[in-house]
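See below for the structure under consideration.
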Amino acid sequence: MMSSSIIVGYNLSAIGNHAYFFADAPDSIFCDNCGCCIDDTYLPENFKSSNKADIGATYDRRFIVSTRFKDYINGLDFNVNFLPVNPKETLFLMKPLEIIRFSAHQMENYCDKCHQYSDQVAPKPDFYYESGNILNNGIFFTSTSFGCGRSASPSIILGIETAKVISDAVKAYKFRGVDISKITVKVN
2 MMSSSIIVGY
12 NLSAIGNHAY
22 FFADAPDSIF
32 CDNCGCCIDD
42 TYLPENFKSS
52 NKADIGATYD
62 RRFIVSTRFK
72 DYINGLDFNV
82 NFLPVNPKET
92 LFLMKPLEII
102 RFSAHQMENY
112 CDKCHQYSDQ
122 VAPKPDFYYE
132 SGNILNNGIF
142 FTSTSFGCGR
152 SASPSIILGI
162 ETAKVISDAV
172 KAYKFRGVDI
182 SKITVKVN
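In terms of this note's numbering, the numbers along the sequence shown are unbroken and rise by one, the last being 189.
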């Protein structure tokens with residue numbers, strides 16, 4: 002029997018912006034046992050990046066966007082927060098408020114203190130396996146973080162129609178740094 006794949010959503014990622022989100026962060030926001038972030042409200046006061054992309058990913062997997070990209074996404078009327086990370090309010094942490102169920106195929110180093118895995122990779126779209134539904138519209142954060150230690154962070158997921166709208170806008174408005182990739186699952 003031959004299996005095929007279907008697209009269930011898209012992953013939004015970005016060009017590296019050559020900066021660390023947690024460069025000046027106090028030790029108190031990290032678990033002293035495994036190093037994972039335990040305070041997701043932390044924001045740098047004076048974030049700087051040498052890359053002037055409209056969306057960029059820090060070395061520690063935080064998505065920083067320009068005012069232009071923030072205004073565009075706000076115009077789409079999705080439930081996304083943009084939190085300023087510099088005094089001039091020209092750079093923003095992009096933080097979707099709607100959560101979509103994901104888990105990881107590979108999880109290692111569970112921390113009994115903060116109840117997180119300090120190493121989690123290979124995202125698994127549980128929302129699809131539980132409901133059988135693809136994502137059509139929306140901008141979501143995954144329910145779990147991916148990466149390692151301080152770099153562990155939720156991924157940003159787009160519905161299929163939303164990904165098309167944003168892809169079209171990248172071309173029309175020349176947004177720099179956007180990378181959108183398919184999330185597929187095998188079906189029989």
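Don't be surprised by glycine CBs; every beta carbon is placed ideally from N, CA and C.
Next on the checklist: Starting from T145, trace the beta strand (DSSP E) in both directions and tell me its first and last residue.
Outcome noted: Walking along the sequence shown from the start, residue 145 turns up at place 144. Annotation: the continuous beta strand (DSSP E) that includes T145 extends over I140 to C149.
Next on the checklist: Restricting to Cα atoms, I'd like to know which of I140, C32, L98 and I161 is closest to S152.
Outcome noted: Residue numbering aside, residue 152 sits at position 151 when the sequence shown is read from its first letter. Distance check between S152 and each of I140, C32, L98 and I161 places C32 closest, using alpha-carbon atoms only.
Item to check | Per DSSP, cross-strand counterpart(s) of I56 | outcome: On the sequence shown, position 55 is the one that residue 56 refers to. Answer is V66, bridged to I56.
Checklist entry - Would you say F48 and I56 are within 8 angstroms of each other, going by their C-beta atoms? => result Position 47 of the sequence shown, counted from the first residue, corresponds to residue 48. Position 55 of the sequence shown, counted from the first residue, corresponds to residue 56. No, the pair does not count as a contact, with Cβ atoms beyond the cut-off.
Item to check | D40 versus E46, D28 and S50, residue with shortest Cα-Cα distance | outcome: In the sequence shown, residue 40 corresponds to position 39, counting from 1. Selected option, being the one with the closest Cα: D28.
Next on the checklist: Tell me the rounded alpha-carbon separation between D78 and R69.
Outcome noted: In the sequence shown, the residue the question calls residue 78 occupies position 77. In the sequence shown, the residue the question calls residue 69 occupies position 68. CA-CA distance, D78 to R69, rounds to 15 angstroms.
Checklist entry - What whole-angstrom Cβ distance do S14 and S182 have, given they're in contact under 8 angstroms? => result Numbered from its first residue, the sequence shown carries residue 14 at position 13. Numbered from its first residue, the sequence shown carries residue 182 at position 181. With 8 angstroms as the limit, S14 and S182 qualify as a contact, their Cβ atoms being about 7 angstroms apart.
Checklist entry - Quick one, are the C-beta atoms of V9 and I184 less than 8 angstroms apart? => result Residue 9 sits at position 8 when you count from the first residue of the sequence shown. Residue 184 sits at position 183 when you count from the first residue of the sequence shown. Going by C-beta atoms, V9 is nearer than 8 angstroms to I184.
Checklist entry - In this structure, what does DSSP give as the bridge partners for Y11? => result Residue numbering aside, residue 11 sits at position 10 when the sequence shown is read from its first letter. Residue pairing of Y11 in beta bridges, as defined by DSSP: L159 and K183.
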